[in-house]
Every structure is written in structure tokens, then in C-alpha cells.
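Line by line, the protein sequences give chains A, B and C. Every letter in the first sequence is one number past the one before it in this note's numbering, and letter 69, counting from 1, is 279. Every letter in the second sequence is one number past the one before it in this note's numbering, and letter 136, counting from 1, is 166. Every letter in the third sequence is one number past the one before it in this note's numbering, and letter 335, counting from 1, is 392. Think of the CB as a built atom: it goes at the ideal place given N, C-alpha and C, for glycine as much as any other residue. Keep in mind it's a predicted model, so treat the numbers as computed, not measured. The structure under discussion appears below in the form of C-alpha cells.
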Amino acid sequence: MNITGIAAIGAGLAAIGAGIGIGKIGGSAMEAMARQPEMQAKLQTSALVFIAFVEAVALFGVVVAFLQG
Amino acid sequence: MDLITPEFGLVFWTLVTFFILLVILKKFAWKPILGAVSEREEGIKNALASAENARIEMENLQSDNERILKEARHEREVMLKEARELKNKIIDDAKEEAKRQSDKLVRQAQETILTEKKAAISDLRAEVAKVSISIAEKVIRGELSDADKQEKLVNSMLDDNSLN
Amino acid sequence: MGHSIAKIKRISIVFLLISFVGFVNESKATESEGEFSPKDMILHHVKDAYGMHIATLNFSNRDPLHITIPLPVIIYTDSGFTIFSSSLFDHDYHGHTIVEKGGLKLVNLHEKVYVLDQGSDSLELDAEGHPLNASRPIFDLSVTRNVLMMWVSIVLLLLIFLSSARSYKKSKKFVPSGLASFVEPLILFVRDEIGRPMIGDEKYKPYMPYLLTVFFFIWINNIFGLIPILNGANLSGNISFTFTLATVTFIITTLSGNKNYWKHIFWMPGLPVPMKLFLMPIEIIGMFVKPISLMIRLFANITAGHVIILALMSLIFVFKSVAIAPISIAFSLFITVIEIIVTAIQAYIFTILSALYFGMATEEEHH
Chain A
211 MNITGIAAIG AGLAAIGAGI GIGKIGGSAM EAMARQPEMQ AKLQTSALVF IAFVEAVALF
271 GVVVAFLQG
Chain B
31 MDLITPEFGL VFWTLVTFFI LLVILKKFAW KPILGAVSER EEGIKNALAS AENARIEMEN
91 LQSDNERILK EARHEREVML KEARELKNKI IDDAKEEAKR QSDKLVRQAQ ETILTEKKAA
151 ISDLRAEVAK VSISIAEKVI RGELSDADKQ EKLVNSMLDD NSLN
Chain C
58 MGHSIAKIKR ISIVFLLISF VGFVNESKAT ESEGEFSPKD MILHHVKDAY GMHIATLNFS
118 NRDPLHITIP LPVIIYTDSG FTIFSSSLFD HDYHGHTIVE KGGLKLVNLH EKVYVLDQGS
178 DSLELDAEGH PLNASRPIFD LSVTRNVLMM WVSIVLLLLI FLSSARSYKK SKKFVPSGLA
238 SFVEPLILFV RDEIGRPMIG DEKYKPYMPY LLTVFFFIWI NNIFGLIPIL NGANLSGNIS
298 FTFTLATVTF IITTLSGNKN YWKHIFWMPG LPVPMKLFLM PIEIIGMFVK PISLMIRLFA
358 NITAGHVIIL ALMSLIFVFK SVAIAPISIA FSLFITVIEI IVTAIQAYIF TILSALYFGM
418 ATEEEHH
């Protein structure tokens, strides 16, 4: 296996972490929205912002893969 | 690696283009649009505020009216009460006065009656005395005109007395 | 927000309908260079290029016909500026065609202009494909396809917003009409959902022009990136573009930082001294990590979207089978629909995070 393959595995691992994180955020946001439908707009906004933060982690992985490629 | 290395040319053009876009849009788009929007919002806010003011004023007016009405009602009641009191007082006074007058009159009448009665009695007495004397005179005169009768009288009187 | 998303969808579907034609063209073009390599095709798609390649028509009896809009190549070397048309490279990006201009020998290697060293007549490459006898010019200010699409995008933005601003002037009661009634909800969205809550009611106003400009600039370029008939002007998926915008955000944040902001970076209040010393380097690193994450987030999101769509399309050519096409198209349709949402979300995220950083920089001390 060359360095590109290892980089791809790294990117995949980062994606797993981000997937778990985004899933948790999405689930909690849904739960919160169901509990307080009047807060939906605010919850959606902050959920998107937090997803962006978590997603950045996966994207750093992708960028590292690009670095190797 | 190539993919994530910023290129000077594109950075330069992006910077230039972005600043041109920013300056033009700021002056000719964002300022008028945001200005118009905020002016409209301000207008709506002002309209709402003035409506609210009008409502409050209306309420004040209404409460004023109510207050005035209440006052008027109260005043009327007071006046009525006063009038009633006055009336009662007048009636009472009149009654009192009338009573006093009538009492006075009655008293005077009684006094007059009493006086008149006394006068009448004394007059009557005088009259009776006069009449009695004149009757007595006539009777005596008639009795004494006949000797027999005189004697009979004296005898009867004496009898009466001696019998006693 | 739902309202504006519905509108975004309506526009995006139009773009979607014309999208696949271009991808297929791109793929064919690369295939004609011999053995089809998805990686090369994708990398050439997501990277910048000197000419604006529209399509390649393949004929059985003659050379393929490339339809390309030539763009000016502007380079600055020791001997001053050199300007020539990209068509002189004759669609070559392997460094074979040598352009002689102003006493310089220029080649195009993977869409980068190299100046051949004095005395050499052809480009020599090392084992990893790096040039041995050529170097990059000092400045390369070429109007590449990304620059061209950026200009097209700002012309479009100016048309949209200047005409809607004019319609406000015309209507006396400031009632939006026509185009303005479409852009006003978006502008109000940026103001009421991004600027105001993130920066605060008192201070958001000076930042609004930047936030609005950056939001619409990124969004429209994200959408342009999804129109492959323009052959993927992958401007917002280019690190130079996101680097520039993130740098501007960083500069504005740093310049508007107040006493409270710097105190939180260098001497975190309310903590014991060892903790303060411990946090200081972290906060200083964080100051730079914020714009870097902005830069990488936008770049990687948009580039990853393009890579996925192109990789799915490449499947057809990798398997050399028409049977795979329906699956491939169905999947890339799915990804493209997601990407349409991502165009708006990434513009929104970039803007809201910029606003958040401005808000942090201008936040007043409170106890």
C-alpha cells in the first residue's frame, strides 16, 4: 500500500468521526425541535453552524489526503 | 499539494474583484436597499406607535369621560340630596312655624276666651244682681201692698223660724 | 428561511437540467488523450485553467475538435510583462507546445505557465513530473477561466442588485417590486439571521455590506460551479479564492478587535495565572485557525462535491459500458441535488462564521 492509500484510509476515519458527530447533532436538534417546535428556526441555525464545525474535521482529513495525492 | 496552494494570480484577481464588487454594491445597492427597508420598518414602527398612542389617548379620553360622568352623577346626587334636605328643612320649618303660630293663636284665643268669660261672668253677675234686686223690689212692693199678705208672710216666717 | 430555500431550489433546478451535458463532454475530452484516467480528469476539472474549455467534438476520421474560449495569459518576469492568448498553447497542458513570446519560451504544464531556462528547447521532467529546466514566472496574473467566471458572476450580481436598488428608488413607498421582491428576503435573511444575532443590534450595521457581499459572491460562484456547461468554473472550490475571502474576514476581525477581545486572547480574565499562561498560546493559535478553517471548509466542501459528481460520472468511462450510465447518472443526480443545497449552506456558513468572529471581536465586557 502506498502513501495515497494510507491517506485515503485517514480521510475515511476522519469521515467516520464527523459522521458520528453530525449524526448526534442532527438527532439532538430533531429531539429539541420536537420538544419545542416554536424554537425550530433558532435550533436549525445553530445545528447548521455546529455541523459546519464538525464537518471541518472531516474536511481536514480530505485536505490531508489531497496533500498526499 | 498543488490543489491546496494559493495561486498569486487568482488571489490578486479575487481581491481586486471582490473589493470592486464590495465598493460598488455598498454604495449603490446595500445602502439604498437597507435604507429603504429600514425606512419602511421605521415607518411601520411609527405607524404602530402612533396607533398605540391614539389608543392610549382614546382610553384616556374614555376614562376622562367616565370620570366626568361619574363626577356629574355624583354632583347630581349631592344636589338632589341637598335639595331633599332643603325641602325637608323648609317643610319642617314651616311645620314648626305653623305649629308655633297655631299654638300662639290657641293660647291667645284661650286667654281671650278666659278674659271674655271672666268679663261675661262679672257682667252676668252684675246683671243678675240688678235683676234680682229689681225683682225683689217688685216682689216686696207687691207683697207689701196688702196688709193681710204682710201679716201672713211675717207669720209664716216666724213659724219657720220658731219651728226651727 | 423556507421561503428563500424554495426559491433557491427553483433556480437550481434550471441549472441542474443543463448540468450533465457538460460533465459528459468533459469526460470525453479527457478520454481522447489516450487511456482514461479519472484522477487526471477530476484534477483538471477542479483546478484552474488558462482557456475556457467548452466542449470537445470527436470525429472518427480526423482530430478531435476542441471548442475553447481563449483567455489572456499575463505573466511578469525579469523582462517585464508578457501578454498573449492562451490559444497559442493549442489545448496542450503537457508542456509539449512551446510559445515564444518577447524572447521567452513558455510552456503550459498542467495549466501552469513555466518559463524555460535559457538555452533549452524542450521541457524536461523529473520522475515525479516536476520540470527540471523551467521555472514559474515571478507573477502570473493571467485571466484564467476562474477569473473570467468571477467577472461574469460579479456582472450578474451587479445587474441583480443595482437594478433592484433602482426599483426601490422608483417606488416611492419603498415597496419591493420585480427582482427586488426576490432579493429582499435574502438580504433580510442575511441581516436578521446572520448579522444581527451574531454581532449584536448596536454594532451590526457597519459589517452588513461585507456580509451581504461575501454571502452573495460565494453563493453565486458556488452555483456557477455546478453549471458544467460553463465547464466547472470551480472558483469557490479553489483555495486561492477561499484564502482571499478568509484573509479579508481575518483582517476585518483583527482590525475591529476591541480591548475585551485582545484581553481574552492574551490574558484570559477570571482565571488563575498558570491557566492564563496556558491558554494564551492556544488562543493565539485559535485566532489564526479560525480563518484557516473558514478557508478549508469552503474549499473542501465545494471541491469534494465536484470530485464526487465527476467520480460517479467517470464510472461510465472506467467500466466502458453504457449499462452503468443509469446508475451513475442517478447517483450523481442525487449528489447534485445535495450540492445545490450545499451551495446555499456553505455561503451561509461562511457568512455566519465571519459574523460570529466579528461579533466576538466587538463584544463588550460583561460581568
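Check	Outcome
Inter-stretch contact at 8 Å, needing at least 3 Cβ pairs: the stretch 109-116 of chain C / the stretch 297-311 of chain C	no
Euclidean distance between Cα positions of residue 127(B) and residue 137(B)	15 Å
Interface flag, residue 190(C) vs chain B, CB-CB below 9 Å	no
Integer-rounded CB distance, given that residue 210(C) should sit under 8 Å from residue 37(B)	Residue 37(B) to residue 210(C), Cβ: 18 Å. No contact.
CB contact check: residue 258(A) to chain C, cutoff 9 Å	yes
With 16 other Cβ atoms within 10 Å as the buried cut-off, status of residue 252(C)	buried
Identity of the residue in 129(C), 244(C), 220(C), 261(C) nearest residue 415(C) by Cα	261(C)
Host beta strand (DSSP E) of residue 107(C) (start-end)	Premise fails: residue 107(C) is in no beta strand (DSSP E) and is neither H nor E.
First and last residue of the uninterrupted alpha helix (DSSP H) at residue 243(C)	236-246
Members of the stretch 347-367 of chain C that neighbour chain A once the beta carbon cut-off is set at 7 Å	350, 353, 354, 357, 358, 361
Beta-carbon neighbours of residue 269(A), restricted to chain C and to distances below 9 Å	350, 353, 354, 356, 357, 358, 361
Other residues of its chain near residue 183(B): CB distance less than 7 Å, five sequence neighbours each side excluded	173
Interface flag, residue 59(B) vs chain C, CB-CB below 9 Å	yes
Pick from 151(C), 212(C), 363(C), 219(C) that is closest to residue 187(C), judged by C-alpha positions	151(C)
Cross-chain neighbours of residue 250(C) in chain A, by beta carbon under 9 Å	251, 255
Within 7 Å of chain C by C-beta, residues of the stretch 73-102 of chain B in sequence order	none
Collapsed DSSP secondary structure at residue 175(B) in the structure displayed	coil
is_contact[residue 301(C), chain B] using C-beta, thresh 9 Å	yes
Nearest-angstrom Cα separation, counted from residue 269(C) out to residue 45(B)	16 Å
Proximity of residue 256(C) and residue 404(C) at Cβ, strictly below 9 Å	no
DSSP-derived helix/strand/coil call for residue 37(B)	coil
Neighbourhood of residue 260(A) by C-beta, 6 Å cutoff - its chain only, sequence neighbours within 5 removed	235
Residues that residue 99(C) contacts on chain A, provided the C-beta gap is smaller than 7 Å	Here the premise fails: no neighbours, minimum Cβ distance about 10 Å.
Residues near residue 233(C) by beta carbon distance below 6 Å, same chain, minus five either side	241
Where residue 342(C) meets chain A, residues with beta-carbon distance less than 8 Å	None at all; the shortest Cβ gap to chain A is about 15 Å.
Where residue 235(C) falls, given that 16 or more other Cβ within 10 Å makes a residue buried	exposed
Cβ of residue 248(A) within 9 Å of any chain C Cβ	no
Bridge-paired residues (DSSP) for residue 191(C)	173(C)
Cβ contact check for the stretch 390-409 of chain C and the stretch 330-339 of chain C: 3 or more pairs under 8 Å	no
Cutoff 9 Å: residue 405(C) Cβ touching any chain A Cβ	yes
Length of the line joining the Cα atoms of residue 385(C) and residue 97(C)	19 Å
Length of the line joining the Cα atoms of residue 161(B) and residue 175(B)	21 Å
Cβ of residue 409(C) within 9 Å of any chain A Cβ	yes
Between the CA atoms of residue 103(C) and residue 222(A) - distance to the nearest angstrom	21 Å
Rounded C-alpha distance that separates residue 190(C) from residue 176(C)	10 Å
DSSP three-state assignment for residue 317(C), whether helix, strand or coil	helix
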